[in-house]
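Step one of this worksheet: look at the structure below.
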Amino acid sequence: MRHTPKLAAVAIAILASVACKSVVTGNEGNFRFSYLADEAFLDFNKAIAVGAKLDVNVTQVGDDQPVGLTDAAAEDPAVFGTEITGANIVTITGLAEGNTELQVKGTNTSGEEQTDSVNLRVLVPDIHRMRHSCQNFNGVEATDYAYLTGQSVYVPFDFEANANSGTEPVIGYGYYPIQIDGPATLDASFQGSQYMRIDMGAPGSVTFTSDIDASTLDLTIVDEADIDGVLQPIAFVLEDIDVGDVNPFYVLPSAAGMPICQADVTLAVASTTPDICDVRLANSLAGNGSDQGKEFGWFEIEGVAAGMCEYTVTYPTGADGAGATQAFTYEIQP
């Protein structure tokens with residue numbers, strides 16, 4: 054039997070996309086310009102949103118060593134602002150729609166001063182997509198999603214623009230055009246290009262409404278005591294768990310049928326077939342060897358002998374303090 058991991062969006066710590074770079078050689082062929090990207094990596098000239106920022110790294114063609122920047126400016130400063138924020142980093146701020154050059158001057162590793170430029174576009178996005186990080190968690194197609202009171206969570210988003218009879222991504226960080234109705238607060242200091250950081254308040258209903266296209270995202274804030282269920286854990290297993298193998302699993306609680314995204318809450322796991330498997334929280338990887346703790350949903354299963362591993366996952370503070378428990382199984386191969 055083979056098992057393929059389902060890489061669901063579960064929390065910023067485990068699903069922030071692996072950072073890739075969009076890279077291009079400058080118009081004069083002296084410098085390479087790059088920035089971290091999470092989509093359309095091969096397209097350097099993705100548009101920056103009006104109101105958003107983008108950090109552009111400048112390196113030397115050939116050895117890719119940092120260039121010591123001495124000047125950076127937009128050919129048309131009405132389109133975007135520039136600020137040198139690191140030895141070889143210039144931060145772009147989108148100001149108005151347009152397409153103009155970023156012109157830089159800097160010193161290469163030989164001490165020679167050179168110049169180069171690259172074209173950058175700025176657009177006003179007209180599509181704003183927001184979603185829950187645990188949407189479709191392990192195949193669960195829920196209609197409502199919950200978060201725990203008092204926690205800071207990360208809400209994924211994307212900007213797009215209609216262009217050339219299709220859509221294109223619009224990028225940048227620090228731009229969060231939403232209105233919040235309900236007991237939650239936007240952390241505007243967070244510099245995310247894929248996530249908004251939201252501080253959850255008292256239990257209740259919350260609606261995010263986009264200033265761009267009036268799209269909405271609804272959620273419910275609940276207490277730990279409201280936890281009454283456990284979702285089927287995600288098995289991060291490329292093939293079978295064999296005797297001697299140790300594999301990570303990720304689990305989330307639920308309340309009234311709603312998955313609780315990014316639930317940083319006390320969790321307990323236990324094997325009911327210890328002759329077949331050992332089940333423990335993932336902090337045992339650091340030598341702590343615990344079966345209960347606040348581990349943000351991670352636990353692991355170790356194959357002891359061939360057979361059906363039976364285990365339980367419990368949220369001790371759930372069910373008004375009585376604890377919410379669910380039993381699961383996973384087959385251990387020889």
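Numbers 54 to 387, taken from the working numbering, label the letters of the sequence shown in order. Even for Gly, the Cβ is constructed at its ideal location relative to N, Cα and C. Everything numeric in this text was worked out from a predicted model, so none of it was measured.
Check: For Gly115, is the classification buried or exposed, using 16 other Cβ atoms within 10 angstroms of its Cβ as the cut-off for buried?
Finding: Exposed: under 16 other Cβ atoms inside 10 Å.
Next item on the list: Determine the direct distance from the alpha carbon of Thr325 to that of Thr220, and round the result to whole angstroms.
Entry: Here the alpha carbons of Thr325 and Thr220 stand approximately 52 Å from one another.
Item checked: Of the listed residues Val332, Asp108, Glu292, nearest to Leu89 (C-alpha basis) -> Considering only alpha carbons, the answer is Asp108.
Checklist line | 7 Å Cβ shell around Pro178 - same chain, five flanking residues per side excluded | finding: Cβ neighbours of Pro178 beyond the five flanking positions: Ala102, Phe212, Glu213, Ala214, Val223, Ile265.
Next item on the list: Quickly, what does DSSP pair His181 with across the bridge? List them, please.
Entry: In the DSSP secondary-structure assignment, His181 is bridged to Phe212.
Note to self: Distance check for Ser268 and Glu44, CA to CA, integer angstroms please.
What the structure shows: Only positions 54 to 387 of the chain appear in this structure, which leaves residue 44 out of reach.
Note to self: Can you tell me whether Asp169 is helix, strand or coil according to DSSP?
What the structure shows: Asp169 falls in the strand class under three-state DSSP.
Next item on the list: Ignore the nearest five residues each way along the sequence and tell me which others in Ser170's own chain have a CB closer than 8 Å to its CB.
Entry: Closer than 8 Å at the Cβ level, and outside the excluded window around Ser170, lie Gly79, Asn80, Glu81, Glu128, Glu154, Leu155, Gln156, Val157.
Next item on the list: Indicate whether Gln204 and Asn161 have their beta-carbon atoms separated by less than 8 Å.
Entry: In terms of Cβ geometry, Gln204 and Asn161 do not form a close pair [threshold 8 Å].
Notebook entry, point to check: Out of curiosity, what's the CA-to-CA distance linking Ile307 and Asp373?
Noted result: The amino acid at residue 307 is misidentified as Ile; the sequence shows Ser. Each residue's alpha carbon lies about 14 Å from the other.
Checklist line | Bounding residues of the beta strand (DSSP E) (the contiguous stretch that carries Phe133) | finding: Segment 133-139, the beta strand (DSSP E) holding Phe133.
Check: When we look at the beta-carbon of Lys74 and count the other beta-carbons within 10 Å, is it buried (16 or more) or exposed?
Finding: Under this definition Lys74 is an exposed residue.
Item checked: Spatially closest choice to Gly254 from Ala358, Gln244, Glu165, Ala237, by CA coordinates -> The shortest C-alpha separation from Gly254 is found at Ala237.
Check: Thinking C-beta only, is Gly282 closer than 8 Å to Gly257?
Finding: A distance of 8 Å or more separates the beta carbons of Gly257 and Gly282.
Note to self: On the CB-based measure, 16 or more other CB atoms within 10 Å of its CB, does Gly350 come out buried or exposed?
What the structure shows: Per the 10 Å Cβ criterion, buried.
Item checked: Simplified DSSP state of Glu277, which is helix, strand or coil -> Glu277 falls in the helix class under three-state DSSP.
Check: Measuring CA to CA, which of Ala131, Val208, Thr367, Asn152 is closest to Phe243?
Finding: Cα-wise, what sits closest to Phe243 is Val208.
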